[in-house]
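Remember, our numbering sits 323 above the position in the sequence shown when you count from 1.
A short write-up of the structure that comes next.
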Amino acid sequence: MKPVKIAKDIYDVGVNDWNIRDFHGYTTDHGTSYNAFLILDKKTVLIDTVKADFADQLIDNISKIIDPKKIDYVVSNHTEMDHSGGLPRVMHKIGEEKPLFCSKMGQKNLSRHFRQKWNYHPVENGEELSLGSRTITFLETRMLHWPDSMFSYLKEDKILFSSDAFGQHYAGQEKFDDMIGEAVMPHAKKYFANILLLYSPLILKLVEQVTNLKLEFNMICPDHGVLWRKDPGKIINAYINWSRQEAKNKAVVIYDTMWHSTEKMAEAIVAGLSEHGVEAKPMHLRKWNRSDIMTEVLDAKAIIVGSPTLNNGLFPTVSDFLTYMKGLKPKNKIGAAFGSYGWSGESVNLIKTELESMGIEIIDPGVKVQYVPDDQSMEACIELGKKTGKAITG
Ligand code: FEO
């Protein structure tokens with residue numbers, strides 16, 4: 324990716340990672356980008372870096388605009404290594420003595436990552452840094468999504484450098500929301516569902532704080548994907564809605580199957596839901612990645628989970644998904660369980676216990692089928708779908 328001018332004297336000097344398909348377990352079908360921003364003023368500042376493998380590309384991009392040695396300050400909004408991995412290379416290139424601005428937790432975390440005695444300048448929430456004609460205000464956003472996370476707000480230009488927030492795992496030639504249109508929203512939704520959902524209460528609090536500060540945004544520049552310049556309010560409103568976790572008339576039927584019995588049950592449950600006009604689909608855990616299923620969970624009211632009983636327990640992919648979903652703390656959901664078994668049949672109760680531990684309201688005892696579902700069992704699954712549909716639509 325060439326440097327992209329995003330405003331007068333401000334450039335995105337980051338890189339596209341076109342071929343990444345697995346971002347620690349999150350499928351990135353369209354790759355991702357690691358955005359980094361260069362602001363030229365009386366003082367020149369670099370905001371964030373890139374993954375270590377791409378550090379040379381970052382330096383090349385900077386060199387197309389200025390001699391990297393002319394960078395006066397570096398800002399690290401977030402220490403996760405997709406944004407900090409390039410720091411050792413950058414600091415070596417521009418001069419190890421250059422001031423490095425980060426949050427207090429950022430200093431601790433960078434020290435633990437890189438064991439370097441850089442010239443750290445830990446900043447307070449609201450602290451300002453003058454670049455000459457421009458000013459950066461640092462906004463602490465602790466736990467959004469790491470303890471070190473912060474935003475940098477360029478006051479005069481009204482540009483928010485938002486680190487991971489408002490990002491999307493998307494590599495493309497389009498660098499701005501107006502170039503890609505609505506196609507960006509599924510990527511933003513997936514990113515929220517898999518990375519930020521558990522921090523929903525903090526996001527709502529942050530939005531309130533920003534509203535009280537009366538901050539205006541001409542542009543929001545996340546560290547991944549496209550930048551929001553046409554309508555920054557669109558992604559802010561989407562974050563508010565997703566954080567409120569207001570569900571649609573929608574159910575997700577998540578399952579795995581050994582000999583198609585639990586699969587047949589899943590399809591019958593979906594048929595029952597459809598009879599009630601509820602949007603629903605069966606999602607097989609070895610056909611869908613957990614990150615795509617979680618995206619569907621975000622705005623679903625009902626989560627119905629099915630597993631065969633294997634060795635007196637859950638099928639491993641079902642355990643995997645339940646562990647993953649539990650960590651992301653979905654709220655305001657109802658749920659139920661189903662599954663086939665041969666001789667012991669623990670899976671349904673195990674699923675219900677897990678769903679209950681997440682605060683999901685169990686609305687039915689669930690359906691258990693020995694070996695292969697007969698007509699009566701299939702009818703019970705359809706009834707479970709209908710009952711769930713009724714609970715969703717009221
Ligand atoms: Fe894109 Fe939390 O790193």
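Just so you know, even glycine gets a beta-carbon here, dropped at the ideal spot from N, CA and C.
Could you give the residue range of the alpha helix (DSSP H) that holds residue i?
i, result
"Phe644", "Pro639 to Leu651"
"Val530", "Ser523 to Asn535"
"Leu433", "Lys427 to Phe437"
"Thr585", "Ser584 to Glu598"
"Ala561", "Pro555 to Arg567"
How is residue i classed by DSSP in three states: helix, strand or coil?
i, result
"Met466", "coil"
"Pro605", "strand"
"Glu684", "strand"
"Lys573", "strand"
"Ser472", "coil"
"Thr716", "helix"
"Lys365", "coil"
"Gly708", "helix"
"Gly408", "coil"
"Ala659", "strand"
"Asp615", "helix"
"Ile389", "coil"
Would you mind reading off the limits of the beta strand (DSSP E) that contains residue i?
i, result
"Glu451", "Glu451 to Ser453"
"Pro445", "Asn442 to Val446"
"Asp383", "Asp383 -> not in any beta strand (DSSP E); alpha helix (DSSP H) instead, spanning Ala378 to Ser386."
"Gly493", "Note on identity: in this sequence residue 493 is Tyr, with Gly being the wrong assignment. Here Tyr493 belongs to no beta strand (DSSP E), and DSSP marks it neither H nor E."
"Asn339", "Val338 to Asp340"
From the DSSP secondary-structure annotation, give me the bridge partner or partners of residue i.
i, result
"Gly578", "Before going on, a small fix: residue 578 reads as Tyr here, not Gly. Looking at the DSSP assignment, Tyr578 forms a beta bridge with His607 and Gly629."
"Tyr694", "Answer is none; Tyr694 lacks a bridge partner."
"Thr350", "Asp345"
"Met508", "Note: Met508 sits in no beta bridge, so no partner."
"Val620", "Val620 is not bridged to any residue."
"Leu423", "Val397 and Tyr443"
"Ala330", "Ile333"
"Leu550", "Phe499"
Note down, in chain order, each residue of its chain lying with its Cβ closer than 6 Å to the Cβ of residue i, except the 5 sequence neighbours on either side.
i, result
"Leu521", "Leu651 and Lys652"
"Lys387", "Pro326"
"Pro445", "Lys427 and Gln430"
"Lys691", "Gly668 and Val671"
"Ile543", "Leu483, Ser485, Phe489, Trp551 and Pro555"
With a threshold of 7 Å on Cβ separation, who are the neighbours of residue i within its own chain once the five nearest residues in sequence on each side are excluded?
i, result
"Thr402", "Gly429, Asn432, Leu433, His436, Trp469 and Asp471"
"Ile683", "Ile626, Lys656, Ile657 and Gly658"
"Ala574", "Leu596, Val601, Ala603, Ala623, Lys624, Ala625, Ile627, Thr711 and Ile715"
"Ile685", "Gly658, Ala659, Lys675, Leu678 and Glu679"
Who are the near neighbours of residue i in its chain, counting only those whose CB is closer than 8 Å to its CB and skipping five residues on each side?
i, result
"Ser667", "Thr632 and Asn635"
"Ile333", "Phe360, Leu361, Ile362, Leu363, Leu477, Asp480 and Ile482"
The ligand FEO site residues, beta-carbon cut 5 Å against heavy atoms: Going by the Cβ distance cut-off, the answer is Glu403, Asp405 and Asp487.
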